[in-house]
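Converting from the sequence shown to the working numbering requires adding 34 to each position, the first position being numbered 1. Beta carbons are placed, not taken as given, at the ideal position from N, Cα and C, and that holds for glycine.
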Amino acid sequence: MLYHIMGLASSALFLLTWFGLWSQIKSMNKYQYLCRDANNSLSLNQFGSSYFAFFSLFLFGISVEPFNHYLVWTRFGALLLTLVIIMKIWQQRRGPVTTIVTSMATLVFLAGIASMFFRPFPAIAQLGTATLMLGVTVILFQGTLHQLLVLKRRQKVGSLSATLFKNILIKDVSTLLFGLTMPLSQSWPLLVLNGTSVIMRGAVLVEILRLKRREEHGVVDISN
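Right, dumping it as structure tokens:
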């Protein structure tokens, strides 16, 4: 019973992540016409690593027994929205790196959908997914760190959405609580991944809010 209660609560809170991602897309659209370089405050590294973090949890939910609908369908929506953000970054910064990241994200998304219809033996899949999630944790750490460094270098928030990071933090805390209702032998990759996300994205949010306060006092002009 507790599993389903926390699963429903986690899924409901995860909708905030959808809202945050949608807020980021709207912000990119807005600044596209107001300031040519506003989207340069967005780290492709950070959004790419976030995408593969969502994908690891999507695959984790598919691989465990029973099929974890709470993780799968919420991350499916997040994958779609993050893929839109990555494609919009690619449209502005067309180059080898952005093309490779966008192509890989699209292929991985299609492979993830296919895996729902050809589920491997759960124990084997879970072992592979745990390894994948640890790898994604490292990728997520360096990607979020890169976003933090981009903000510190540019000293501009640009079109980067504070709402996105606030909502993701709420989601990560709820997912951590949900993971605690599952056996530790099964949920420890989930706890490691989301714990890392809380720390790193919290640091990015603090930096965004600091820069926004400076902008409000006229210290930084994002239109430059």
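| Query | Result |
| --- | --- |
| For a test of the three-state rule: what should DSSP assign to Phe89, helix, strand or coil? | helix |
| Just to confirm, is the Cβ distance from Thr171 to Thr230 under 8 Å? | yes |
| Quick check on Met150: does DSSP put it in helix, strand or coil? | coil |
| Considering only C-alpha positions, which residue in the set Ala43, Leu78 and Pro130 is nearest to His103? | Ala43 |
| Report the residue ranges of all alpha helix (DSSP H) runs contained in full by the region 193–252; include only those spanning at least 4 residues, in chain order. | 196–213 and 218–250 |
| Between the beta-carbon of Ala87 and the beta-carbon of Leu227, is there less than 8 Å? | yes |
| Using only the alpha-carbon positions, how far apart do Leu114 and Ile39 sit? | 26 Å |
| Evaluate Lys186 with the Cβ neighbour count: other Cβ atoms within 10 Å of its Cβ, from every protein chain shown; 16 or more gives buried, anything less gives exposed. | exposed |
| Reducing DSSP to helix, strand and coil, say where Leu186 ends up. | Per the sequence shown, the amino acid found at residue 186 is Lys instead of Leu. The answer is helix: DSSP assigns Lys186 an H, G or I state. |
| Would Val240 be called buried (16 or more neighbouring beta carbons within 10 Å of its own) or exposed? | exposed |
| Given that a residue counts as buried once 16 or more other Cβ atoms are within 10 Å of its Cβ, and exposed if not, what is Ile123? | buried |
| Which residue from Ile147, Val184, Leu49 and Val106 puts its Cα closest to that of Phe81? | Val184 |
| Among the candidates Gly177, Ile120 and Trp107, whose CA atom is the shortest distance from the CA of Thr133? | Ile120 |
| What first and last residue would you give for the alpha helix (DSSP H) that runs through Leu114? | His103 to Gln126 |
| Which term fits Arg109, buried or exposed, when burial requires 16 or more other beta carbons within 10 angstroms of its beta carbon? | buried |
| Taking the alpha-carbon positions, what's the Leu243 to Ile204 distance? | 16 Å |
| So what does DSSP say about Val135, is it helix, strand or coil? | helix |
| Would you identify the three-state DSSP class for Leu50, choosing helix, strand or coil? | helix |
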